[in-house]
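A.B. asks: Pasting a structure here, questions to come.
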Amino acid sequence: MNTHFWLNLLFTVLGLVVLALGLWGLINKESFAQEKIGQISTDPMLVFVMLGLVLSTLCLSGCVGALRENCCLLQVFSATVLLLVAAQVLAAIVAYSLQGQIEGYLRSGMLAAMVRYQDDLDLRFITDEIQIGLQCCGADNYRDWEVNMYYNCSAPGVLSCGVPATCCVDPLENGTVWNSQCGVGSQQLDEFSAQSVIFLGGCLGGMSRWIEQHTGLIGAVGIVLLGVQIITLFITTRLMDNIHYNIITYSGVKLPDNIQNASWTLVITMY
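So for the sequence shown, this note's numbering puts the first residue at 72; every next one is plus one.
Structural data, given as structure tokens:
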């Protein structure tokens, strides 16, 4: 019971932290305000809220079930974890078989984020981090920023025909000052001239290269996460075995010495 309880308690706390982070993000951006509540369904912070809520609720049921030796809660916990394991395996198979379509979805998603770049702080942060981390610009190339109304070449203002500073090869002046206008006018440059100012390659290609370079790490992380869930299932099953064994023992039914090693379903039948 101790191992099961502490393992679930750890993940319950982790789930509550993720939930608190998501709620903090929504409150900090005033997403619950009347004029913004209609857009909350597309807010990236909602993912943290839902993930934290599911994780904390699931693991809390495992904690309470282990603490109170409640087989009903433990069965709900086991069934949910089993469904999650099956869903993850299915998602991996689908993702592998639909690689081409997934790239199309990623392209559409990134272009949509670029359209709302100036208006949505979350999408702006995510886009900037991707461009900085992968040293890329746009979805396929730097001219994709034409889709943004502020960076469109027909737009008025200093940003016209430019790209964000996170596309710049060296956005710092003298190594300390961030030049937010280093990408101004970059879309008007040919590739030879632009390559010394901004990154030419798109982020989709950068993502593909990053995944290829880190395939082993991604696979290892996936196997570890799957392994933790399977071990949790095994521990939960053993705990339910012990609970049913104790129930039968205390009821006065005489059992063989090795019955504790039987599956809990067999024990229920005997009971």
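Quick reminder that beta carbons are idealized off the backbone N, C-alpha and C, glycines included.
Is L310 helix, strand or coil when you go by DSSP?
C.D. replies: Residue state, collapsed to three classes: helix.
A.B. asks: Starting from the C-beta of T83, find all residues in its chain whose C-beta is less than 7 angstroms away, skip the five residues before and the five after it, and write them out in chain order.
C.D. replies: Contacts found: S127, C130, L131 and C134.
A.B. asks: Closest to L271 by C-alpha separation, out of V160, G290 and C239, would be which residue?
C.D. replies: Of the candidates V160, G290 and C239, the one whose C-alpha sits nearest the C-alpha of L271 is C239.
A.B. asks: What does the Cβ neighbour count give for W77, buried or exposed, with the cut at 16 atoms within 10 Å?
C.D. replies: Exposed, since its Cβ has fewer than 16 Cβ neighbours within 10 Å.
A.B. asks: Using a Cβ-Cβ cut-off of 6 angstroms (strictly less than) and excluding sequence neighbours within five positions of T336, which residues of its own chain qualify?
C.D. replies: For T336, the pLDDT reaches just 43, beneath the cut-off of 50, and the residue's location in the model is therefore unreliable, although a value from the coordinates is still provided. Here the set comprises nothing.
A.B. asks: Report yes if the CB atom of L97 is closer than 8 angstroms to the CB atom of M121, and no otherwise.
C.D. replies: It is not a contact, given that the beta carbons lie outside the stated cut-off.
A.B. asks: From W216 to C208, what distance separates their C-alpha atoms?
C.D. replies: Computed Cα separation, rounded: 8 angstroms.
A.B. asks: Do C253 and I201 have their CB atoms nearer than 8 angstroms?
C.D. replies: Result no, Cβ atoms of C253 and I201 do not sit closer than 8 angstroms.
A.B. asks: Quick one: what's G272 bridged to in DSSP?
C.D. replies: BP columns for G272 point to N212.
A.B. asks: What's the call for Q258, buried or exposed, on a 16-neighbour Cβ count within 10 Å?
C.D. replies: Buried, since its Cβ has 16 or more Cβ neighbours within 10 Å.
A.B. asks: In this structure, does DSSP put V186 in helix, strand or coil?
C.D. replies: If DSSP states are grouped into helix, strand and coil, V186 belongs with the helices.
A.B. asks: Just the C-alpha distance for D211 and G276, rounded to the nearest angstrom, thanks.
C.D. replies: Each residue's alpha carbon lies about 7 angstroms from the other.
A.B. asks: Thinking just about the alpha-carbon of each residue, which of L154, L85, A91 and V118 is nearest to the one in L304?
C.D. replies: Nearest of L154, L85, A91 and V118 to L304, Cα basis: L154.
A.B. asks: Tell me which residue opens and which closes the alpha helix (DSSP H) that D199 is part of.
C.D. replies: Its alpha helix (DSSP H) spans residues L192 to L205.
A.B. asks: CB L310 to CB L145, shorter than 8 angstroms?
C.D. replies: Yes, Cβ-Cβ distance for L310 and L145 is below 8 angstroms.
A.B. asks: Three or more beta-carbon pairs under 8 angstroms between the region 219-239 and the region 191-206, yes or no?
C.D. replies: Yes: the two stretches touch, three or more of their Cβ pairs being nearer than 8 angstroms.
A.B. asks: Roughly how many angstroms separate the alpha carbons of V156 and V229, rounded to a whole number?
C.D. replies: One C-alpha to the other measures close to 51 angstroms.
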